[in-house]
Amino acid sequence: MKFDSREWIELVEKDFESAWLRSREILSERCLNERYPLYQFDYGQEHPVFKTIQELRKAYLSLGFREVINPIIVEDVHVKKQFGKEALAVLDRCFYLATLPKPNIGISAEKVREMERVLGRELGKDEIDALRSIFHNYKKGKIDGDDLSFEIANALNIDDAKAVNIIELFPEFKDLKPIPTSLTLRSHMTTGWFVTLSNIADKMPLPIKLFSIDRCFRREQGESAVRLYSYFSASCVIVDEDVSVEDGKAIATALLRHFGFEKFKFRLDEKRSKYYIPGTQTEVFAYHPKLVGSNTKYKDGWVEIATFGIYSPTALCHYGIDYPVLNLGLGVERLAMILYGYTDVRKMVYVQDVELSDLDIAKAIRIRDVPQTSVGFKVANAVVEIAEKHADEKSPCEFLAFEGELYGREFRVYVYEVEENTKLCGPAYANEIVVYKNSVYGIPRNEKFKDYFEDGIPTGIRYIDGFAYYVGRRVEEMVARGNGGILRVRVVESLRDVNVTIQDNVIRYIASKGGKIDVRGPMFVNVRVEI
Numbered sequence: 400m401k402f403d404s405r406e407w408i409e410l411v412e413k414d415f416e417s418a419w420l421r422s423r424e425i426l427s428e429r430c431l432n433e434r435y436p437l438y439q440f441d442y443g444q445e446h447p448v449f450k451t452i453q454e455l456r457k458a459y460l461s462l463g464f465r466e467v468i469n470p471i472i473v474e475d476v477h478v479k480k481q482f483g484k485e486a487l488a489v490l491d492r493c494f495y496l497a498t499l500p501k502p503n504i505g506i507s508a509e510k511v512r513e514m515e516r517v518l519g520r521e522l523g524k525d526e527i528d529a530l531r532s533i534f535h536n537y538k539k540g541k542i543d544g545d546d547l548s549f550e551i552a553n554a555l556n557i558d559d560a561k562a563v564n565i566i567e568l569f570p571e572f573k574d575l576k577p578i579p580t581s582l583t584l585r586s587h588m589t590t591g592w593f594v595t596l597s598n599i600a601d602k603m604p605l606p607i608k609l610f611s612i613d614r615c616f617r618r619e620q621g622e623s624a625v626r627l628y629s630y631f632s633a634s635c636v637i638v639d640e641d642v643s644v645e646d647g648k649a650i651a652t653a654l655l656r657h658f659g660f661e662k663f664k665f666r667l668d669e670k671r672s673k674y675y676i677p678g679t680q681t682e683v684f685a686y687h688p689k690l691v692g693s694n695t696k697y698k699d700g701w702v703e704i705a706t707f708g709i710y711s712p713t714a715l716c717h718y719g720i721d722y723p724v725l726n727l728g729l730g731v732e733r734l735a736m737i738l739y740g741y742t743d744v745r746k747m748v749y750v751q752d753v754e755l756s757d758l759d760i761a762k763a764i765r766i767r768d769v770p771q772t773s774v775g776f777k778v779a780n781a782v783v784e785i786a787e788k789h790a791d792e793k794s795p796c797e798f799l800a801f802e803g804e805l806y807g808r809e810f811r812v813y814v815y816e817v818e819e820n821t822k823l824c825g826p827a828y829a830n831e832i833v834v835y836k837n838s839v840y841g842i843p844r845n846e847k848f849k850d851y852f853e854d855g856i857p858t859g860i861r862y863i864d865g866f867a868y869y870v871g872r873r874v875e876e877m878v879a880r881g882n883g884g885i886l887r888v889r890v891v892e893s894l895r896d897v898n899v900t901i902q903d904n905v906i907r908y909i910a911s912k913g914g915k916i917d918v919r920g921p922m923f924v925n926v927r928v929e930i
C-alpha cells in the first residue's frame with residue numbers, strides 16, 4: 400500500500416530497528432486466490448510449426464540467404480511449363496480458384512412494389528434510377544460487393560439492415576454459381592520460384608541465394624495423420640554459373656545441423672520430377688539422437704527430411720533463365736513433428752490435443768466465496784487461527800474466534816463442538832489441495848504423501864482456509880441482515896463442500912487424461928455467529 404515517506408524518515412531517524420520491523424505494515428494481505436500458485440503471470444505459447452519456421456528463418460539467414468515471398472496464386476500455365484507432359488497429373492493435385500459472376504439485375508414494377516412493402520413507403524423515380532445505377536456499376540465492377548448494401552442505404556436514406564432486406568428481394572444474388580478460373584493455389588514452392596526468378600535472375604549479381612517459407616496447397620484424397628490440404632514449405636534456391644549436387648549436400652547439412660541433426664545420408668530420389676535435371680533429385684536423410692529409441696518409425700535415429708535437385712533447362716528456358724538453379728526444400732510440419740515428438744500432424748497443427756501441466760491445473764482452482772470487507776477477512780483469519788491452535792481440544796468445547804463491529808452492529812464468532820468425546824475439528828480440517836499427475840487431491844502434509852507435495856503443485860488452500868473464507872463472507876451477510884446463525888461443514892465429498900471450485904473445462908481435461916478429483920475426508924467444524 401502507499402505510505403508517507405516523510406513520516407518514515409522521522410521513524411528511521413528516531414529508531415531504525417523499530418522502523419525496519421514496522422515496515423511489514425505497508426504490505427497488504429492478499430486473498431488466497433491472489434497468492435501463488437493460483438496467482439501467476441501468464442505467458443504466450445508458440446505454435447510448434449511457427450516456432451520451427453522462426454528457427455528455419457534464422458538458419459537460412461545465417462547461411463547468407465535472402466528472404467523473399469513467392470506468388471501463392473499462379474496461372475495453371477506455369478505448371479504446364481515446368482512439368483511438361485506430367486502437368487495434367489500434377490494439376491490434378493491443385494486447387495483451382497473460382498469466382499462468383501456479377502449478375503444482371505433488373506428492376507421491374509413488381510420489384511418496386513416489393514421494395515415499397517419492405518420500406519413501408521413509396522419509392523420516388525430518382526430513388527429507383529439511383530438503384531438501377533448502383534446495380535449497373537456493381538455489374539461493371541465499379542462497386543465492390545461488400546459496399547453494395549452501404550450504397551443502397553445511402554441512395555434510399557435507410558439503415559444497412561433494411562438495405563440487406565432489399566438485396567434479399569433479388570433472387571439473382573441467391574442463384575449465383577462459382578465459375579472456375581485458370582488460377583491455382585500453389586501446390587509446390589517450385590511453381591513460385593520460376594515466376595520470381597524470371598523477374599530477377601538476369602539482374603542480380605551471382606550467386607543469387609534466396610529462401611522462402613510459406614504455404615502450399617495440395618488436393619489430397621483427405622487429411623490424415625501425415626498429410627494436410629495446406630502445409631508450409633521451407634525452400635531455397637541458388638542461382639550461379641556452376642551449381643552442383645555437392646552444393647545441395649552442403650546446404651542440407653548446414654541447415655539441419657541448426658536443429659541438432661548430426662549425420663547425413665544422400666540418396667537419389669526415385670520419383671524423378673521432370674523439372675529437375677536427371678540424376679540430381681536427391682533425398683536427404685538425417686540422424687538425430689533424440690529419435691533413438693522413440694515410439695516412432697524413426698527409432699533408429701534416421702529420418703528422411705528434405706529433397707534437393709537442379710532445375711532442368713527444359714523448364715528454365717520458358718522463363719528466360721539462363722543459369723542453373725539448385726533448389727532444396729523440406730516440409731515444415733514434418734520437421735516440427737520430428738522435433739516435438741508428434742505422430743499425427745493434425746493434432747500438432749490444429750491443436751486437437753491439449754496438454755496441461757499440474758501448474759496449469761492448479762491455476763484453475765479458486766476459493767469460491769471470498770469476504771468483501773476487511774472485517775470479513777479478519778473473521779476468516781480468526782477462524783483459521785482457532786482451528787490451528789485448538790483443533791485437538793477435547794469436546795464439548797467452545798472458543799471465541801472474533802468479536803467486533805460491522806455495518807454499525809456488534810457481533811461475535813465462535814468455533815465449537817457440542818458432541819462429547821471428539822475434538823474441536825475433524826482430522827481432515829488441515830488437508831491441503833494438491834495437484835499431482837493430472838489429478839487433484841485433498842491430503843495432509845505427512846510422510847505418506849511426501850511425494851505429492853514435492854513433485855506435485857500444492858495450491859496453498861487447506862480445507863479450513865476455504866471454509867473460513869466462506870464463514871467470513873456469510874458473516875458479512877448475517878450482520879447486514881441482523882440475524883446470526885450456524886455455519887458448519889461435516890464430511891467433505893467435493894471441492895464445493897470446502898468452498899473451492901475448479902473450472903469446468905479443466906475438470907473435463909482431468910477426466911480425459913484419466914485423472915481424478917479426490918478430496919474426501921472428515922472435517923467436522925462448527926461456527927456460531929451471534930449479532
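My numbering puts the first residue of the sequence shown at 400, with every later residue one more than the last. Where a beta carbon is used, it is the ideal one built from N, C-alpha and C, also for glycine.
Subject >> Whole-angstrom C-beta distance between S586 and R617, which should lie under 8 Å >> reply: With 8 Å as the limit, R617 and S586 qualify as a contact, their Cβ atoms being about 5 Å apart.
Subject >> For A685, three-class secondary structure by DSSP >> reply: Strand at A685.
**OP:** Name the two residues that bound the continuous beta strand (DSSP E) containing V702.
**Re:** 701-709 is the span of the beta strand (DSSP E), which, as asked, contains V702.
**OP:** Please look up how many angstroms separate the CB atoms of T590 and V467, rounded, as I've assumed it's under 8 Å.
**Re:** Actually they do not touch by this definition, with Cβ atoms about 14 Å apart.
**OP:** Note down, in chain order, each residue of its chain lying with its Cβ closer than 6 Å to the Cβ of V724, except the 5 sequence neighbours on either side.
**Re:** Here the set comprises V636, V638, Y710.
Original post:
By DSSP, does R618 sit in helix, in strand, or in coil?
Top reply: Residue state, collapsed to three classes: coil.
Original post:
Which residue's Cα is closest to the Cα of E831: D864, L420, V817, E804?
Top reply: When C-alpha distances from E831 are compared across D864, L420, V817, E804, the shortest belongs to D864.
Subject >> Beta-bridge partners of C796, as assigned by DSSP >> reply: In the DSSP output, where bridge partners are listed per residue, C796 has E816.
**OP:** Could you name the residues that DSSP lists as bridge partners for F810?
**Re:** Listed as beta-bridge partners of F810 by DSSP are G803.
Subject >> Buried/exposed call for S548, threshold 16 Cβ in 10 Å >> reply: The residue is buried, with at least 16 neighbouring Cβ atoms inside 10 Å.
**OP:** Output the distance between the C-alpha atoms of T706 and L729, rounded to the nearest integer angstrom.
**Re:** Spanning the two alpha carbons is a distance of roughly 6 Å.
Subject >> Between the CA atoms of E797 and A790 - distance to the nearest angstrom >> reply: Distance between the alpha carbons of A790 and E797 is about 11 Å.
Original post:
Ends of the alpha helix (DSSP H) at A633?
Top reply: From DSSP, A633 is part of no alpha helix (DSSP H) but of the beta strand (DSSP E) over 629-638.
Original post:
In terms of residue numbering, what span does the alpha helix (DSSP H) encompassing R656 cover?
Top reply: Bounds of the alpha helix (DSSP H) holding R656 are 644-656.
Subject >> Beta bridge counterpart(s) of G920 as assigned by DSSP >> reply: According to DSSP, which records beta bridges pairwise, G920 is partnered with V891.
Original post:
Quick one, are the C-beta atoms of V891 and M922 less than 7 Å apart?
Top reply: For the 7 Å CB-CB criterion, V891 and M922 form a contact.
**OP:** Determine the burial state of R405: buried for a count of at least 16 other Cβ atoms within 10 Å of its Cβ, exposed for fewer.
**Re:** Classification for R405: exposed.
Original post:
By Cβ distance, which residues of its chain are closer than 8 Å to R666, with the 5 residues on each side in sequence left out?
Top reply: Same-chain partners within the cutoff: T681, E682, F684.
Original post:
Where does R666 fall in DSSP's three states?
Top reply: Residue state, collapsed to three classes: strand.
Original post:
Would DSSP call F866 helix, strand or coil?
Top reply: In the structure shown, F866 sits in a helix (DSSP, three-state: H, G or I).
Original post:
With distances taken between CB atoms, is the gap from T742 to G708 smaller than 7 Å?
Top reply: No Cβ-Cβ contact shorter than 7 Å links T742 with G708.
**OP:** Pull up the CB-CB distance for G855 and V833, whole angstroms please, since I reckon it's below 8 Å.
**Re:** Going by Cβ atoms, the distance from G855 to V833 rounds to 5 Å, so yes, they are a contact pair.
Original post:
Looking only at C-alpha atoms, which of L655, S422, Y630, L437 sits nearest to R767?
Top reply: Comparing Cα positions, the closest option is L437.
**OP:** Inspect the beta-carbon positions of E515 and E509 and report whether they are closer than 7 Å.
**Re:** For E515 and E509, no; Cβs fall outside 7 Å.
Original post:
Using the C-alpha atoms, what's the distance from F848 back to K698?
Top reply: Taking the straight line joining both Cα atoms gives about 37 Å.
Original post:
Between the region 550-558 and the region 469-476, do at least 3 Cβ pairs fall closer than 8 Å?
Top reply: Between the region 550-558 and the region 469-476, the count of C-beta pairs closer than 8 Å stays below three; the two stretches do not touch.
Subject >> F848 (DSSP reduced to helix, strand or coil) >> reply: F848: helix per DSSP, three-state reduction.
Subject >> C-beta atoms of V778 and V812 nearer than 7 Å >> reply: Result yes, Cβ atoms of V778 and V812 sit closer than 7 Å.
Original post:
Taking C-alpha atoms, which residue in L654, I901, E804 lies nearest to I936?
Top reply: Nothing can be reported for residue 936: it is not among the residues displayed for the chain, which extend from 400 to 930.
Original post:
What whole-angstrom Cβ distance do F464 and F610 have, given they're in contact under 8 Å?
Top reply: By a beta-carbon distance limit of 8 Å, F464 contacts F610. Their separation comes to about 4 Å.
**OP:** Output the distance between the C-alpha atoms of E819 and N925, rounded to the nearest integer angstrom.
**Re:** Near 14 Å, if we compare the C-alpha coordinates of N925 and E819.
Original post:
Beta carbon of L805, beta carbon of E816: below 7 Å?
Top reply: Cβ distance not < 7 Å, so L805 and E816 don't count as in contact.
Subject >> Among V691, H657, D668, A624, the one whose alpha carbon lies nearest that of T451 >> reply: The candidate whose alpha carbon is nearest that of T451 is H657.
**OP:** Compare the C-alpha of I676 against each of S581, P688, G700, N726 and name the closest.
**Re:** The candidate whose alpha carbon is nearest that of I676 is N726.
Subject >> Among Y828, E853, N845, the one whose alpha carbon lies nearest that of K836 >> reply: In terms of CA proximity to K836, E853 leads the group Y828, E853, N845.
Original post:
From S507, A488, V905, A867, pick the residue whose C-alpha is nearest to that of A781; which is it?
Top reply: Taking only the C-alpha atoms, the option nearest A781 is A867.
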